[in-house]
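Q: So that we are looking at the same thing, I have put the structure below in structure tokens.
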Amino acid sequence: MKNEEINLLGEIIERLVQSEQENPVVPYLSYDELPEHVDLELTEAGLSDQDWVKSISTLIEHTPKTCTNAFYNQLFGGRHPKAVIGEMLAGLLNNSMYTYKVGGPMIAVEKTLLREIKKRIGYPSSAEGTIATGGSMTNFMAMLMARDRYEPQITETGGGTGLIAYTSDESHYSITKNARFAGIGRQHVRYIPSNDRGEMLPDALREQILEDKRNGLRPFFVNATSGTTVLGAFDPLDVLADICEEQEVWFHIDGAYGGAVMFSDQYRYLLKGMERSDSFSVNAHKMMGVPITCSFILTKHRQALYDSFSYDASYLYQTDQDEINPGKISLQCGRRNDALKFWALWKSIGSDGLRDMVDHQFQLAETARDYVSAHPDYTLYSHAPSVNICFNYKNIPADILCNALYESSTLMVGYGSHRGVRFIRLVTTNAGNTKEDILNFFSRLEGFADKY
Ligand SMILES: *Cc1c(COP(=O)(O)O)cnc(C)c1O
């Protein structure tokens, strides 16, 4: 990095921030129209710095803005500047997080985060964890550890026989995908019904496990969801833990979305019983405003991580003990430093700041829910406490309204469905937003829908 590049970076960031202010939702372009607006072609000769900045800036201008107060489309949003600095530094330093030799103190940064999260879950200090490239992959690691515990020879000889996984009908699709990857098979995933709030029904789980056992099958993995994708619901962990103990099944918590409530004194109760799980996934890139991706997997069973993921590589592990060579418990070989950005944020705002971020999101959700409940043109489908607010406006079909809001550059928001009803899903996961931003969301939506 020379001074010129540092200056170029400053210039590009300025343009990005300006473009976010001018167009919080970028003007809609179809994929086919892109080449007319963005210079995508790669050429024999390179560009001058000036042309390069122009090219990059045009690209940025047309890229969806996920950090503005008009973006509510996914379960992430916003951008904490300290976390972004951490992310950029990780790129500049370019360590790979497999060995202490190459990662140095960054390994300790990661371990510090894992220790703090472990403490909040309530796991013993002997618990272990790592970071993977997202909640889908941390859930995958949990399923693999459970599989390898129930069928240890599978890693050598292949083939699983009658292993059955359980998850609610409201859970994330990664559970099914992972069952395919892990050789469990899609048909060996049981979708346990949930109540109208979107929480798994424990009695139905117990019955299904017992029925499968009677049929000679082998229940091995129960996935509880803490923060479901559509309604933002929290499964009843304590009751599910009872069942898993009684039935001797690995108990995993998919807290990719809502696991972050562990940082809030007020909402931690939603995770009551989490310490009884065998493994726990949590993303810092959803509710915590950390750039994508930053996903943790923790397990009580340190050895399980080694059993499933350790593979000796003499060209790689040449110094230090396993403890500080986290490549030994990783899904990957080379691995980005995803710890630094969260650590940089935490250092800056402290645990108190993390707590405030979570609490603020619930307050924003309350503002939104109150607004929807108080206005007769709206129907509300989600329940407190949740940072997802699901609603319909004047019976306009949710898919049509969401797509029109997007194509008219008004707002970015998505839709979901529960029990056959489709609705708009507003998520208040951008802790940088204010109550006014949320109320503006509704006035923009109404202003658009009423003339549509
Ligand atoms: C987002 C999410 C995931 C997947 O996480 P990625 O980081 O997007 O792979 C898994 N489970 C739940 C409940 C989620 O909300």
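Per numbering that gives the first Met the number 0, the sequence shown starts with residue 0, numbered consecutively. Just so you know, even glycine gets a beta-carbon here, dropped at the ideal spot from N, CA and C.
Put Glu109 into one of helix, strand or coil per three-state DSSP.
A: Helix at Glu109.
Q: Using CA atoms only, rank isn't needed, just tell me which of Ile437, Met411, Arg421 is closest to Tyr71.
A: The candidate whose alpha carbon is nearest that of Tyr71 is Met411.
Q: Let me check you understand the geometry: is the CB of Tyr256 closer than 7 Å to at least one non-hydrogen atom of ligand 1?
A: Within the cutoff, so yes.
Q: Do the CB positions of Glu127 and Leu304 come within less than 8 Å of each other?
A: It is a contact, given that the beta carbons lie within the stated cut-off.
Q: Any heavy atom of ligand 1 inside 7 Å of the beta-carbon of Asn429?
A: Flag unset: Cβ of Asn429 not near ligand 1.
Q: Quick check: is any heavy atom of ligand 1 less than 7 Å from the C-beta of Leu425?
A: Every heavy atom of ligand 1 is 7 Å or more from the Cβ of Leu425, so no.
Q: Fully enclosed by the region 25 to 63, which alpha helix (DSSP H) runs are 4 residues long or longer?
A: Segments of the alpha helix (DSSP H) lying fully in the region 25 to 63: 33 to 36, 48 to 60.
Q: Taking only runs of the beta strand (DSSP E) that begin and end inside the region 84 to 155, which ones reach a length of at least 3 residues, in chain order?
A: List check, beta strand (DSSP E) in window: 127 to 131.
Q: Could you give the DSSP three-state label for Ser278: helix, strand or coil?
A: In this structure, Ser278 counts as strand in the three-state DSSP scheme.
Q: Of the residues Ile163, Glu115, Gly197, which one's Cα is nearest the Cα of Arg189?
A: When each option's Cα is compared against that of Arg189, the closest is Ile163.
Q: Is any heavy atom in ligand 1 found nearer than 7 Å to the beta carbon of Leu74?
A: Yes, the beta carbon of Leu74 sits closer than 7 Å to at least one heavy atom of ligand 1.
Q: Just checking: is the beta-carbon of Ala367 within a distance shorter than 8 Å of some beta-carbon in chain C?
A: Looking at the structure shown, chain C is missing, and only one protein chain is on hand.
Q: Just mark Thr156 as buried or exposed, buried being the case when its beta carbon has 16 or more other beta carbons within 10 Å.
A: Its Cβ having fewer than 16 others within 10 Å, Thr156 is exposed.
Q: Just to confirm the assignment, what range does the alpha helix (DSSP H) spanning Leu209 have?
A: Where Leu209 is concerned, the enclosing alpha helix (DSSP H) stretches over 201 to 213.
Q: From Ala458 to Asp369, what distance separates their C-alpha atoms?
A: The question about residue 458 has no answer, for the chain in this structure spans 0 to 451.
Q: When you compare each of Leu230, Tyr266, Lys340, Gly333 to Ala283 by their alpha carbons, which one comes out closest?
A: The shortest Cα separation from Ala283 among Leu230, Tyr266, Lys340, Gly333 belongs to Lys340.
Q: Indicate, with yes or no, if ligand 1 has a heavy atom lying under 7 Å from the CB of Asn282.
A: The answer is yes for Asn282.
Q: Which one of Gln20, Asn93, Leu74, Leu46 has the shortest CA to CA distance from Ile59?
A: Minimum Cα distance to Ile59 is reached at Gln20.
Q: When the Cα of Gly133 is compared with those of Glu169, Arg424, Thr292, which residue comes out closest?
A: Answer by Cα proximity: Thr292.
Q: If you drop the 5 nearest sequence neighbours on each side, which residues of the same chain put their C-beta closer than 7 Å to that of Asp337?
A: Closer than 7 Å at the Cβ level, and outside the excluded window around Asp337, lie Ile130, Thr292, Cys293.
Q: Alpha carbon to alpha carbon, how far is Ile191 from Ser47?
A: Cα to Cα, the separation comes out at about 59 Å.
Q: Does the pairing of the region 387 to 399 with the region 407 to 427 give three or more beta-carbon distances under 8 Å?
A: Because the criterion of three Cβ pairs below 8 Å is met, the region 387 to 399 and the region 407 to 427 touch.
Q: Does DSSP put Leu230 in a helix, a strand or coil?
A: Three-state result, Leu230: coil.
Q: Cβ-heavy atom distance between Thr175 and ligand 1 below 7 Å?
A: For ligand 1, not one heavy atom lies less than 7 Å from the Cβ of Thr175.
Q: Once you ignore the five residues that flank Asp449 on each side, which residues in its own chain have a CB closer than 6 Å to its CB?
A: Closer than 6 Å at Cβ, skipping near neighbours: no residue.
Q: Under the three-state reduction of DSSP, which class applies to Ala181: helix, strand or coil?
A: Three-state DSSP puts Ala181 in coil, outside helix and strand.
Q: Quick check on the burial criterion: 16 or more other C-beta atoms within 10 angstroms. Buried or exposed for Asn194?
A: Exposed.
Q: My understanding is that Tyr268 touches Phe361, with C-beta atoms under 8 Å, so please give their C-beta distance in whole angstroms.
A: Tyr268 to Phe361, Cβ: 12 Å. No contact.
Q: Is the beta carbon of Phe250 closer than 8 Å to that of Asp277?
A: Yes.
Q: Helix, strand or coil, according to DSSP, for Asp319 in the structure here?
A: Asp319 falls in the coil class under three-state DSSP.
Q: What first and last residue would you give for the alpha helix (DSSP H) that runs through His359?
A: 338 to 373 is the span of the alpha helix (DSSP H), which, as asked, contains His359.
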